[in-house]
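Peer 1: Taken in order, the sequence shown gives residues 223 to 499; the numbers are from my numbering.
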Amino acid sequence: MGCYLKAKTIQGPERTIAAYILRSTGMKMLFRVEFGLCACILFTVTSSVSGRQDPVSEWKSASSRPNVLFLVVDDLRPKLGCYGETNMVTPNIDQLAASSVRFDRAYVQFALCGPSRTSFLTSRRPESTRVFNLYTYWRDVAGNYTTLPQHFKQSGYITQSVGKVFHPGKSSGGDDDYPLSWTNKPYHGDKGGNSGYKNNSEQCPGPDGKLHDYAVCPVNVSQTPHKILEDIDLADFSVDFLKNYRHKYQDQPFFFAVGFHKPHLIWKYPVEYEGEL
Numbered sequence: 223m224g225c226y227l228k229a230k231t232i233q234g235p236e237r238t239i240a241a242y243i244l245r246s247t248g249m250k251m252l253f254r255v256e257f258g259l260c261a262c263i264l265f266t267v268t269s270s271v272s273g274r275q276d277p278v279s280e281w282k283s284a285s286s287r288p289n290v291l292f293l294v295v296d297d298l299r300p301k302l303g304c305y306g307e308t309n310m311v312t313p314n315i316d317q318l319a320a321s322s323v324r325f326d327r328a329y330v331q332f333a334l335c336g337p338s339r340t341s342f343l344t345s346r347r348p349e350s351t352r353v354f355n356l357y358t359y360w361r362d363v364a365g366n367y368t369t370l371p372q373h374f375k376q377s378g379y380i381t382q383s384v385g386k387v388f389h390p391g392k393s394s395g396g397d398d399d400y401p402l403s404w405t406n407k408p409y410h411g412d413k414g415g416n417s418g419y420k421n422n423s424e425q426c427p428g429p430d431g432k433l434h435d436y437a438v439c440p441v442n443v444s445q446t447p448h449k450i451l452e453d454i455d456l457a458d459f460s461v462d463f464l465k466n467y468r469h470k471y472q473d474q475p476f477f478f479a480v481g482f483h484k485p486h487l488i489w490k491y492p493v494e495y496e497g498e499l
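#1: Under 8 Å from any heavy atom of the ligand SAM, does the C-beta of threonine 340 make it?
#2: Starting from valine 461, follow the alpha helix (DSSP H) in both directions and report where the run begins and ends.
#3: Can you give the Cα-Cα distance for aspartate 326 and phenylalanine 342, rounded to whole angstroms?
#4: What are the boundary residues of the alpha helix (DSSP H) that includes cysteine 335?
#5: Could you check if leucine 504 is buried or exposed, using at least 16 other CB atoms within 10 Å of its CB as the buried criterion?
#6: Can you check which of these residues, Thr405, His410, Ile450, Gly391, is closest to threonine 358 by C-alpha distance?
#7: May I ask you to list the residues that DSSP assigns as paired with isoleucine 380?
#8: Considering only the alpha carbon of each residue, which of Gln425, Ser444, Thr446 lies closest to tyrosine 436?
#9: Look up serine 322 in the DSSP assignment and say whether it is helix, strand or coil.
#10: Using the DSSP secondary-structure output, state which residues sit across from aspartate 398 in a beta bridge.
#11: For proline 277, collect the residues of the same chain with a Cβ closer than 7 Å to its Cβ; drop the 5 residues on either side in sequence, then sort them by chain order.
#12: Could you give the residue range of the beta strand (DSSP E) that holds aspartate 296?
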């Protein structure tokens, strides 16, 4: 069960994590959302253009091709206000749903990250990819299937992955299908990431006055070993990437994928939000 939202073009200071990435760029956004094992949001970032005569020729022009921001949110289910849920406080998603097309049925391809992500990133069912666990790489067992970011890369886009887009590890070839899918090496956090945040896991204050590795707790970020939480690190990197993109790549379009880990456990959150949860 899930929802699918297709929103109109919007502008303004949306107070969502997506807006946190884009709010300083002045970009317009078109996006789709699908909730299931993961929630996927596709932003087509464009500027207003009037008097278009030939859309096909315009698409072929590098300067006119839209930039794409693809967001993946882990384990987000339709326990949302827009579906009548009263225990969850989700005003931003509810606002999006109110001005969007909302679907009441969606289907998860496979209830496990590796197979599910492989499926929607290759547009093939798990019985085609032959991925049913977290340890199988589809290119080894099924075929050299082209992925969504790989298609953009082959079409002249700069492709960049941040966070958990492909399931990391063996199911994506050990490096998030880089370099086949991505122009640049995927970023998992120079302050930890999937490989290093375990070293930053003792973030929860205990009754003994020391930090512990609890599954749920408010975190004083300034007192953690790296002074960061994982999704904040990913969002900060994403903001910097977008701010500096034009200087580095000029008019070459991008496919930019950002995978946030929450609301997948573990649930460590900035202490300032404790009273709001």
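Note that CB positions come from ideal geometry on N, CA and C, so glycine has one too.
Peer 2: In short:
#1: Questions concerning the ligand SAM fall outside what the structure shown contains, since it holds no ligand whatsoever.
#2: In the sequence shown, counting from the first residue as 1, residue 461 sits at position 239. Counting along the chain, valine 461 sits inside the alpha helix (DSSP H) bounded by residues 452-471.
#3: As a position in the sequence shown, residue 326 is number 104, starting the count at 1. As a position in the sequence shown, residue 342 is number 120, starting the count at 1. The alpha-carbon atoms of aspartate 326 and phenylalanine 342 are separated by roughly 19 Å.
#4: Here the question's residue 335 lines up with position 113 in the sequence shown. Looking at the DSSP string, the run of the alpha helix (DSSP H) that includes cysteine 335 is 335-344.
#5: Absent from the structure is residue 504, since the part of the chain shown begins at 223 and ends at 499.
#6: Within the sequence shown, residue 358 is the residue found at index 136, counting from 1. Ranked by Cα distance from threonine 358, the first of Thr405, His410, Ile450, Gly391 is Gly391.
#7: To locate residue 380, count along the sequence shown from 1; it is residue 158. When beta bridges are read from the DSSP output, isoleucine 380 appears opposite Phe476.
#8: Taking the first residue of the sequence shown as 1, we reach residue 436 at position 214. The shortest Cα separation from tyrosine 436 among Gln425, Ser444, Thr446 belongs to Gln425.
#9: Here residue 322 corresponds to residue number 100 of the sequence shown, with the count starting at 1. Serine 322 falls in the strand class under three-state DSSP.
#10: By 1-based counting over the sequence shown, the position of residue 398 is 176. Aspartate 398 is not bridged to any residue.
#11: Taking the first residue of the sequence shown as 1, we reach residue 277 at position 55. Residue placement at proline 277 is poorly supported in this model, since its pLDDT is 44, which falls under 50; the coordinates still yield a value, given next. For proline 277, where only same-chain residues beyond five positions count, there are no Cβ hits under 7 Å.
#12: Start at 1 with the first residue of the sequence shown, and residue 296 comes out as number 74. DSSP places aspartate 296 in the uninterrupted beta strand (DSSP E) bounded by 289-296.
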